[in-house]
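Protein chains in written order, with this note's numbering: chain A, 1 to 321; chain B, 322 to 651.
For each residue, glycine too, the CB sits at the ideal point set by N, CA and C.
Here the structure is laid out as structure tokens; the discussion comes afterwards.
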């Protein structure tokens, strides 16, 4: 938050007299003003000699504060924005699409929870290839465990295409693969870097035309957060929640669907539960539990949480080779 | 002459009661919030683990707030006012809100929807509702989302002017809804840093942020009588289960002090500072039960418990969340 000194250039009413008045009340920046009672401050300003100017300064600061929060919307405006921008992206997997009434919703954070080798990475790769191919949008894939496989993505893309024309197929494949950008991140600070860079790029609209980012995949978020959780400090939890909010902000403000994966840990009575604890439960919009039969290719997916669907609703799906 | 003015009084008791009671009409919200009448300037806290239908209760309260009492001969029983929704969780689904509103409008009263739902499933496209009333109600719903505590504080500080602007148009605000007051708890806790230059300078911590929040909401409620409802997620899991685990792992540590707490034994760990705890006037606890209610062949709804903690009522209500909203289970 800006110190009051730096605002003087743009708002000449916040002059040195105003700054020294604020300093006498231990206010040096806009952040301090947020934590103070402005009516009490105005009452103190009454007693000063230049009370009119000081009160004008306080009014100016209030209007600066008014620009610090997100805009107010009414129900109709919210609905219009949702209908225009927050469409649904098909994952390429019929069972999951049917369960989610179409697929991953733009503007929402979807979490896939499951034990190891339950198909989470396969679903992520399938969703990435499907979005890159069908929705003509680009995909950002943050890979924490070196599990991104270009061969598998090629398999998914070339599954349904006509095997006859080789040249055209090769060019389409190149174009689609160019839309998927994969980055290896191994700790949470690198992930923050990458996400902030992505936010900056999206805000300055450097990506034009049909290469707009539609899907952001983080595989897996738990392997980055688990090492920092625990211990007596709250830094780990704070980083986890900040990461969650950054992902949700990217999803909503820039119209991206975000997909993250999480593993399971042992819970009470031997029943496994999702990792990352209670605080993480409030972060994702949609939580899905995946499980795969041993040796079989049929997987189960069930809803753990959804804003408009009942908990426990399940479906089966199969990922073809 | 002046002394006589002191004795004669301003108004009679009947006039005073007439004035006060006409303004402070108690709100009777839909179940499971129906047991205790809520008045403007009450602060209700809905606490529960995730997921326990807290946001659904907020949506239901918002719908009741924006609906009119009567419209075109149909009785809706709403409070005919604006509802302000501050989304700190950033997970609000406008499609769900719009769908619930359409269902309420189509059927007029809540009991009708329940009967209809039990007979057949409602198709989204075939709901007949009054377009004009729908648009009016949607416009009465004001929404803002906050991504951190600063944005939340900035919103609260400028809310007074916003409400005043609406009053100038003749619209009054009846409800202030906050989704998840504890959303930034961990982030604020970790930002408690070293004392800054100037020993009296307020540093950013959970205490100062929540004290300022309570101060601002208190001022708002004084100036504009409305009902404040806030949800709170339990961040620390089930206390009884956690204690059992700790007792098993460290048998030599005496936990007698925990058992010796004679104060209210809450089934969850309270993490909000006392400024917020004393500000709350009503509290209700929601939690999922292990039962499931089979409504129809393919739908299995999980049953939730609701328990009033403040004022402390001794029985539990059971409710489920169906497509048309929250309904009590006998």
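CB of residue i within 8 Å of CB of residue j, strictly
i, j, result
"residue 387(B)", "residue 458(B)", "yes"
"residue 414(B)", "residue 90(A)", "no"
"residue 250(A)", "residue 256(A)", "yes"
"residue 472(B)", "residue 108(A)", "no"
"residue 142(A)", "residue 191(A)", "yes"
"residue 118(A)", "residue 299(A)", "yes"
"residue 549(B)", "residue 502(B)", "no"
"residue 30(A)", "residue 76(A)", "no"
"residue 313(A)", "residue 99(A)", "yes"
"residue 421(B)", "residue 385(B)", "no"
"residue 86(A)", "residue 290(A)", "no"
"residue 395(B)", "residue 600(B)", "no"
"residue 263(A)", "residue 115(A)", "yes"
"residue 553(B)", "residue 323(B)", "no"
"residue 381(B)", "residue 647(B)", "yes"
Cut-off 6 Å between Cβ atoms - residues of its own chain near residue i, not counting five sequence neighbours on either side
i, result
"residue 110(A)", "104, 259 and 286"
"residue 411(B)", "466"
"residue 557(B)", "590"
"residue 216(A)", "140, 256 and 258"
"residue 504(B)", "409 and 410"
"residue 133(A)", "157 and 176"
"residue 244(A)", "283"
"residue 613(B)", "621 and 623"
Pairwise C-alpha distance: residue j and residue i
i, j, result
"residue 198(A)", "residue 353(B)", "44 Å"
"residue 598(B)", "residue 535(B)", "10 Å"
"residue 138(A)", "residue 303(A)", "27 Å"
"residue 205(A)", "residue 176(A)", "21 Å"
"residue 542(B)", "residue 417(B)", "29 Å"
"residue 106(A)", "residue 83(A)", "11 Å"
"residue 189(A)", "residue 220(A)", "14 Å"
"residue 71(A)", "residue 252(A)", "13 Å"
"residue 297(A)", "residue 154(A)", "19 Å"
"residue 427(B)", "residue 377(B)", "19 Å"
"residue 602(B)", "residue 356(B)", "15 Å"
"residue 636(B)", "residue 627(B)", "9 Å"
"residue 195(A)", "residue 146(A)", "19 Å"
"residue 579(B)", "residue 532(B)", "Its pLDDT being 39, under 50, residue 579(B) is placed unreliably in this model, and the value from its coordinates should be taken loosely. Each residue's alpha carbon lies about 28 Å from the other."
"residue 360(B)", "residue 621(B)", "36 Å"
"residue 581(B)", "residue 633(B)", "A caution first: residue 581(B) carries a pLDDT of 34, below 50, which makes its placement in the model too unreliable to give a value."
"residue 92(A)", "residue 232(A)", "43 Å"
"residue 229(A)", "residue 284(A)", "18 Å"
"residue 454(B)", "residue 401(B)", "11 Å"
"residue 113(A)", "residue 52(A)", "59 Å"
"residue 182(A)", "residue 159(A)", "21 Å"
"residue 224(A)", "residue 315(A)", "29 Å"
"residue 474(B)", "residue 122(A)", "43 Å"
Residues near residue i in its chain [Cβ-Cβ closer than 7 Å; skip 5 each side]
i, result
"residue 27(A)", "33 and 36"
"residue 540(B)", "none"
"residue 485(B)", "none"
"residue 506(B)", "527, 556 and 592"
"residue 152(A)", "125"
"residue 334(B)", "none"
Cross-chain neighbours of residue i in chain B, by beta carbon under 9 Å
i, result
"residue 47(A)", "Per Cβ cutoff of 9 Å: no residues; residue 47(A) is ~19 Å from chain B at best."
"residue 62(A)", "478, 479 and 482"
Partner residues on chain B for residue i, Cβ-Cβ distance less than 8 Å
i, result
"residue 55(A)", "Ordered by position in chain B, no residue passes the 8 Å Cβ test against residue 55(A), which lies about 15 Å from the chain."
Expected contact under 8 Å - CB spacing of residue i and residue j to nearest Å
i, j, result
"residue 624(B)", "residue 641(B)", "6 Å"
"residue 500(B)", "residue 379(B)", "6 Å"
"residue 96(A)", "residue 317(A)", "6 Å"
"residue 450(B)", "residue 78(A)", "About 18 Å separates the two Cβ atoms, so there is no contact after all."
"residue 510(B)", "residue 234(A)", "4 Å"
Close-in-space but distant-in-sequence residues of the same chain around residue i (CB under 8 Å, 5 per side omitted)
i, result
"residue 376(A)", "Outside the shown range of chain A (1 to 321) lies residue 376(A), about which nothing can therefore be said."
"residue 265(A)", "272, 273, 274 and 275"
"residue 383(B)", "404, 406, 418, 462, 496 and 498"
"residue 19(A)", "4, 5 and 8"
"residue 373(B)", "607, 608, 609 and 625"
"residue 325(B)", "none"
Within chain B, the residues that residue i reaches when beta carbons sit closer than 7 Å
i, result
"residue 279(A)", "507 and 556"
Contact set between residue i and chain C, taken where Cβ atoms lie within less than 8 Å
i, result
"residue 312(A)", "Although the question refers to chain C, the structure presented lacks it and instead comprises the protein chains A and B."
Per-residue contacts from residue i into chain A (C-beta, under 8 Å)
i, result
"residue 525(B)", "31 and 35"
"residue 639(B)", "Chain A residues near residue 639(B): none, gap ~16 Å exceeds 8 Å."
"residue 464(B)", "72, 73, 74, 75 and 78"
"residue 529(B)", "35"
7 Å Cβ cut-off: residues of chain A touching residue i
i, result
"residue 372(B)", "305 and 311"
"residue 472(B)", "68, 69 and 70"
Cross-chain neighbours of residue i in chain A, by beta carbon under 9 Å
i, result
"residue 636(B)", "Near residue 636(B) there are no residues of chain A at all, since even the closest Cβ is about 25 Å away, more than 9 Å."
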